[in-house]
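Note sheet for the following structure.
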Amino acid sequence: MRLEVSGIVKRFGGVTALNGVDLAVEEGEFLTILGPSGSGKTTLLKSVAGFEVPDEGVVRLGDQDVTMAPARHRNVGMVFQNYALFPHLTVAENLAFPLQMRSVGKAEIARRVKEALALVELDAFAERLPRQLSGGQQQRVALARAIIFGPALLLLDEPFGALDRKLRESLQLEVRRLQRRLRLTTLFITHDQEEALIMSDRIAVMDKGRIQQLGTPSEVYDFPVSRFVADFIGESNLIEGTAQGTEVYVPGFGALTLPQAPASGPVTLLLRPEALRLGAEAQAAPCRAQATVLETVFLGLSVKLRLRPEGGPDLLARLPLRPSDPPPAPDGATVTIGFAPGDIHVVPRG
Amino acid sequence: MSSPAADRASPARRRELALLLLGLPALLLLGVLFAWPVLRLLSMSVADGTLHQLERVVLDELYVQVLFESLKIAGLVTVICLALAYPVALWLTKAGRIGLTLGMFALLLPFWTSVLVRTYAWMVLLGRSGVINRMLRDLGIIEYPLPLLHNLGGVLIGMVHVLVPYMVFPIYAALLRIDPDLPRAAEGLGASRWAIFRRVILPLSLPGVAAGCALVFVLSLGFFITPALLGGGQVMMIAMLIEQQVRELLDWPFAAALSAVLLAVTLVVYAAIGRLTKGARLASP
């Protein structure tokens, strides 16, 4: 079902946790709220789940105003950060719980529990207690419990945080496939930008109780609307320059002509590390500088370099690496670096 | 100089030794002042080489009756304490800072006051011309004083008053250990407040309930001062019987036999509650 929140404000004492949040999650959409801790994302989730009543604003599920509705009447499935499985109930009993609360018949409960267990591939674990399961299995039980009753909306509160990296990646894709298959309207909360980029149809970047940017993963990655978003998502070189007409002066690189003129005065340019060119490739770039390699970090698939151009700010470069490739340049070497107007994005001020 | 192998083993062994040394004073104290006298006393019951004294306890209807009376009183006290303590413990977990401070104060102040003082206080309150009877008479509600003292009711009031904190604290601790996300999750899954309590809070607090019940039941079983003073000779518990044997009849072997029975019943109760708690599928943190 479609979720719409508008003008949500929530204060705790003197602290404003949510400062006017407007957001709509379309039916079947996977929308991620991405933000650092303290950005208000958890409060927003709680307002949607019904564990917190906002001071102002409206929460709408489908065509119903649920702002004041208690959580148990909202029909919202939620996966908690630590899963919140009932430790005294078996996996099957945990899954049966929401159905029992809805007075579903015994035979029907048994059928649906079996179905849900199959869905998350835990058929053999029905009679286990949560503490007898691994973290990944617990997470799948929590997910199954959140969707077994056919919720109008699925909420995921950083559910992958406690898992190791490999398991996290496979579960992320599993959750994504399941969400698409069942066409579940999903609101996902995380502080992990990589996770957000992988999983989402759209991402809402939150900071200081407000949504800073709302867009598809590639929109927020390539065209961040503020310095905060540019910095928070992905790795970035944020270069301070001065604009005059369509010309932007970049310290260390000289002048650069942009297709569209930003407002005159100081500007912030975003240059992703993977967009910075090096060596032969840089020779053809319209904007060039000689730089010293300060540090080389080997990352397996790629290599990351910290570079200091003459008269300019330190920059990060990330170069793809094939197994037999030698390192691009030793530490202390001088290399040519450069970029083209198409490689950069002017970050709006404010 | 010690060999490298010995050096490698030593941290663990040194830890064990340190723990033993730390525990030693308490172990010595318990051994000398508790275990040894108890063993001496118990051995008295079979000092004449027969089980005659123990037979007397089991075969004499009067003593068996006192034992059952003690068990009945302990059971009643436990049930009443549980009924009073559970809501209090639950309230404490939900009370704010001020409520919690006041609640703890109200529980701990009597807890730290001498049982003797509290028992005399109840005599002042419950007596024939005590505070309660006088007040009711002055208000014209009753004509003749109510028998509040020197009966089972009086004993129960006094004992419950002393023992309620022993029930509140384990339950409160168990309730505090419940992850606050669990009731929240239950609510999100559609549970009413009653269903949250019945299906989540109550089962998860059972270890605390069991601990509280064991404490209160066992303490009640050995209670002496309160039933002696508030019962006024009308209520007889096994500890009073033992005291009578020792002090008035100077029959130490028989007192020892009664003590052995009390100790055995206590251990059986502990074991039974331990089994029950382990048998129920309870969450371990």
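Chains as they are written, first to last, in numbering that gives the first Met the number 0: chain V, 0 to 349; chain G, 0 to 284. Beta carbons are placed, not taken as given, at the ideal position from N, Cα and C, and that holds for glycine. Just so it is clear, the structure is predicted and the values come from calculations on it, not from any experiment.
| query | result |
| --- | --- |
| Q243 of chain V by DSSP, collapsed to three states: which one? | strand |
| Comparing the C-beta of V267 of chain G with each C-beta of chain V, is any distance below 8 Å? | no |
| Quick one: what does DSSP say L249 of chain G is sitting in, helix, strand or coil? | coil |
| Given this structure, state the Cα-to-Cα distance separating R59 of chain V from M0 of chain V, to the nearest angstrom. | 10 Å |
| Under 7 Å between beta-carbons, which chain G residues line up against A151 of chain V? List them in chain order, please. | By Cβ distance, chain G contributes nothing, its closest Cβ being about 12 Å from A151 of chain V, past 7 Å. |
| When the Cβ atoms of the stretch 25 to 34 of chain V are set against those of the stretch 85 to 102 of chain V, are three or more pairs found closer than 8 Å? | no |
| Give the residues from the stretch 168 to 189 of chain G that approach chain V closer than 8 Å (Cβ to any Cβ), ordered along the chain. | D178, D180, L181, R183, A184, A185, E186, G187, L188, G189 |
| For chain G, check one thing: does any of its Cβ atoms lie closer than 8 Å to the Cβ of A125 of chain V? | no |
| Would you list, in sequence order, the uninterrupted beta strand (DSSP E) runs of no fewer than 3 residues that lie entirely inside the stretch 165 to 244 of chain V? | 185 to 189, 201 to 206, 209 to 214, 236 to 243 |
| In angstroms, rounded to a whole number, what distance separates the CA positions of P340 of chain V and V8 of chain V? | 40 Å |
| Quick check: the Cα distance between P329 of chain V and V266 of chain V, rounded to an integer number of angstroms? | 33 Å |
| Can you tell which of V:G251, V:L255, V:I343, V:N236 has its C-alpha closest to the C-alpha of G244 of chain V? | V:L255 |
| Per DSSP, I343 of chain V is paired with what? | V:L270 |
| For chain G, is any of its Cβ atoms less than 8 Å away from the one on P265 of chain V? | no |
| Against V199 of chain G, what residues of chain V qualify as contacts under a CB-to-CB distance less than 7 Å, listed in chain order? | F85 |
| Just the C-alpha distance for R139 of chain V and L201 of chain G, rounded to the nearest angstrom, thanks. | 26 Å |
| Since Q244 of chain G and A259 of chain G are thought to touch, with beta carbons under 8 Å apart, how far apart are those beta carbons, to the nearest angstrom? | Contact doesn't hold; Cβ gap of about 13 Å is too wide. |
| What do you reckon, are the CB atoms on P154 of chain G and C80 of chain G nearer than 8 Å? | It is worth fixing the name first, because residue 154 of chain G is Val in this sequence and not Pro. Contact flag unset, no. |
| Counting only Cβ pairs nearer than 7 Å, list the residues of chain V close to S191 of chain G. | R71 |
| Would you call the stretch 165 to 172 of chain V and the stretch 91 to 102 of chain V in contact, with 3 or more CB pairs under 8 Å? | no |
| To which residues of the same chain is P69 of chain V closer than 7 Å at the C-beta, ignoring the five residues directly before and after it? | G49 |
| Pull up the DSSP beta-bridge partners for Y119 of chain G, would you. | In DSSP, Y119 of chain G forms no bridge with anything. |
| For A23 of chain V, list the residues DSSP reports as bridge partners. | V:E3 |
| Any heavy atom of the ligand MG within a distance shorter than 7 Å of the CB on L255 of chain V? | No copy of the ligand MG appears in this structure; indeed no ligand is present at all. |
| Looking at chain G, is there any beta carbon in it that lies within less than 8 Å of the beta carbon of V58 of chain V? | no |
| Pull out every residue of the stretch 217 to 232 of chain V whose Cβ sits closer than 8 Å to any Cβ of chain G, in chain order. | none |
| Let me see if you follow: with CB-CB separation under 8 Å, is S1 of chain G close to chain V or not? | Legend: pLDDT at S1 of chain G = 47, less than 50; position of this residue unreliable, no value from coordinates given. |
| Of all the options V:L162, V:R164, V:L181, V:E273, which has the alpha carbon lying nearest to the alpha carbon of V302 of chain V? | V:E273 |
| What residue does the beta strand (DSSP E) around T256 of chain V start on, and which one ends it? | 253 to 256 |
| Determine, for R139 of chain V, whether the minimum Cβ-Cβ distance to residues of chain G falls below 8 Å. | no |
| Would you decide whether G331 of chain V is buried or exposed? Buried here means 16 or more other CB atoms lie within 10 Å of its CB. | exposed |
| Would you grab the beta carbon distance between L2 of chain V and V20 of chain V for me? Rounded to a whole angstrom, and I think it's under 8 Å. | Going by Cβ atoms, the distance from L2 of chain V to V20 of chain V rounds to 12 Å, so no, they are not a contact pair. |
| Enumerated in chain order, which unbroken segments of the alpha helix (DSSP H) with a length of 4 residues or greater are wholly contained in the stretch 72 to 126 of chain G? | 96 to 110, 114 to 125 |
| Quick one: grab the DSSP three-state call for D163 of chain V. | coil |
| Starting from the beta carbon of A210 of chain G, find every residue of chain V whose beta carbon is closer than 7 Å, and list them in chain order. | Simply none; closest approach about 17 Å. |
| Whole angstroms is fine: what's the gap from R101 of chain V's alpha carbon to G76 of chain V's? | 14 Å |
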